[in-house]
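Remarks on the structure that follows.
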Amino acid sequence: MLALTSCVSQPATEQGRAAGGLYDLFMVLAAIIFTIVASLIGWSIVRYRRRPDDDSLPDQFHTNVKLEILWFAIPQLIVIGLFIASATVVADIDEEVAEPTVVVRVESFQWGWRFSYEGSDVVIESLPQDQAEIVLPTATAIAFELTSRDVIHSFYVPEFLIKRDVIPGHDNRLDVTIDEAGTYTGRCAEFCGLLHDRMDFSIRAVPASDYERWLAGAGT
11 MLALTSCVSQ PATEQGRAAG GLYDLFMVLA AIIFTIVASL IGWSIVRYRR
61 RPDDDSLPDQ FHTNVKLEIL WFAIPQLIVI GLFIASATVV ADIDEEVAEP
111 TVVVRVESFQ WGWRFSYEGS DVVIESLPQD QAEIVLPTAT AIAFELTSRD
161 VIHSFYVPEF LIKRDVIPGH DNRLDVTIDE AGTYTGRCAE FCGLLHDRMD
211 FSIRAVPASD YERWLAGAGT
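Numbered according to my numbering, the sequence shown spans residues 11 to 230.
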C-alpha cells in the first residue's frame, strides 16, 4: 500500500484532481482484475492438482460458446468504458477558459524559462544557476501560453498531474486552477540537452489578495 500511494503526487489543481481520479479508476480496475485472475489460477492449481492415488483426468470439453462470449465481452466493455472515461477527462483538462484571470507567457530555452505576466511589466527568468520563483493566485483561472525558443521542452509541475510539450514554432497552452496554497517545483520533462536536469523553477501559490500585492510590487 505504501508503494501504491507514493506513485502519484497529491493533485493541487482542479484539472489534476480529474487526472488523479482517472488514475485511481485504472488502478482499482487493475487490482480487481488481478485479484480475480490470480484467485482463479490459484483455485485451478489446488482443485485440479494431480493426486498420488488418482491418475484420472478432469472432465474434458472442446468448446463452451457462452463462456467464450463472456470472456470476450467483459474485456471489450472494460476497454470501451476506460476509453470513454479517458476521453471525457482529457477533454475537460484541455478545455480553455475563454477569459482567464491570469495569463503567463512561458518561453523555454536551453536551459531555462522566461515568464511574462500579461497586462504587466513583470518578467521573470529562471536559469540553471539561478532558478526563479513565480507567484500565482489560488482559486483563479490561470492560462500558461507556452512557446520554445530552440528545441522541444516540456512544461511539467508534478502536483498538477499534467504535462504540456513546448514546441518551437508552435504555441501551446495549459489552463489550471490551483486549489491549494503552497510551493510547487516545475521542471522540463523532455530531454533537451546538457543541462536539462537543471531546468527547474518554483511556483508559489498564494491567495488572490496576496498575489495582487506581489504583482504590484514586482512591477515597480
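For every residue, glycine included, the Cβ atom is placed at its ideal position computed from N, Cα and C.
Candidates Ala-151, Asp-69, Ala-48 and Arg-60: which alpha carbon is nearest Asp-186's? Rather than Asp, the amino acid found at residue 186 in this sequence is Val. Closest option to Val-186, Cα to Cα, is Ala-151.
So the candidates are Ala-95, Ile-144 and Ala-97; which of them puts its Cα closest to the Cα of Val-112? Residue Ile-144 is the option with its Cα nearest to Val-112.
Alpha carbons only, please: which of Thr-193, Leu-77, Val-75 and Val-167 is nearest the one belonging to Ala-215? By alpha-carbon distance to Ala-215, the top candidate from Thr-193, Leu-77, Val-75 and Val-167 is Thr-193.
Return yes when the Cβ of Phe-125 is within less than 8 Å of the Cβ of Asp-160, no when it is not. Note that the C-beta distance between Asp-160 and Phe-125 is not below 8 Å.
Measure how close the beta-carbons of Trp-121 and Arg-208 come, nearest whole angstrom, since I'm counting them as under 8 Å. Contact between Trp-121 and Arg-208 holds, with the beta-carbon distance rounding to 6 Å and staying under 8 Å.
Contiguous alpha helix (DSSP H) assignments of at least 4 residues, all confined to the region 62 to 130: Taking only runs of at least 4 residues, the alpha helix (DSSP H) segments lying wholly in the region 62 to 130 are 75 to 104.
Pro-110: which of Phe-201, Ala-29, Leu-146 and Leu-204 sits nearest, CA to CA? Residue Leu-146 is the option with its Cα nearest to Pro-110.
For Arg-57, the first and last residue of its enclosing alpha helix (DSSP H): For Arg-57, the uninterrupted alpha helix (DSSP H) run begins and ends at 24 to 57, by DSSP.
Rounded to whole angstroms, how far is the Cβ of Ile-172 from the Cβ of Ala-22, which I believe are closer than 8 Å? Not really, about 11 Å apart at Cβ, beyond 8 Å.
Can you list, in chain order, the residues of its chain whose CB lies under 7 Å from that of Asn-182, leaving out five sequence neighbours each side? Non-local beta-carbon contacts of Asn-182 in its own chain, meaning distances under 7 Å to residues more than five positions away in sequence, involve Leu-156, Arg-174, Asp-175 and Val-176 in chain order.
Quick check on Val-158: buried or exposed, where buried means 16 or more other Cβ atoms within 10 Å of its Cβ? Reading off the sequence shown, one finds Ser at residue 158, where the question assumed Val. Classification of Ser-158: buried, given that the 10 Å Cβ count is 16 or more.
Candidates Asp-65, Ala-95, Leu-184 and His-163, of which the one nearest Asp-206 by Cα: The sequence shown places His at residue 206, not Asp. Of the candidates Asp-65, Ala-95, Leu-184 and His-163, the one whose C-alpha sits nearest the C-alpha of His-206 is His-163.
For Pro-168, which three-state DSSP category applies? In the structure shown, Pro-168 falls within a helical segment according to DSSP collapsed to helix, strand and coil.
In chain order, what residues of the same chain lie with their CB nearer than 7 Å to the CB of Ala-228, ignoring the 5 residues before and after it? Excluding the 5 residues flanking it on each side, Ala-228 has same chain C-beta neighbours closer than 7 Å at Val-132, in chain order.
Are there 16 or more other CB atoms within 10 angstroms of the CB of Ser-136, so buried, or fewer, so exposed? Buried is the call here.
Which first and last residues belong to the alpha helix (DSSP H) in which Ala-142 is found? According to the DSSP assignment, Ala-142 belongs to no alpha helix (DSSP H), since it is labelled neither H nor E.
May I ask you to report which of helix, strand or coil DSSP gives Gly-203? Gly-203: coil per DSSP, three-state reduction.
Name the two residues that bound the continuous alpha helix (DSSP H) containing Asp-220. In the DSSP annotation of this structure, the continuous segment of the alpha helix (DSSP H) that includes Asp-220 starts and ends at 218 to 228.
For Gly-31 and Phe-154, what's the separation of their Cα atoms in angstroms? Approximately 23 Å between the Cα atoms of the pair.
The beta strand (DSSP E) spanning Glu-155 covers which residue range? It spans 151 to 158 - the beta strand (DSSP E) in which Glu-155 sits, taken as one unbroken run.
Does DSSP put Arg-208 in a helix, a strand or coil? Helix.
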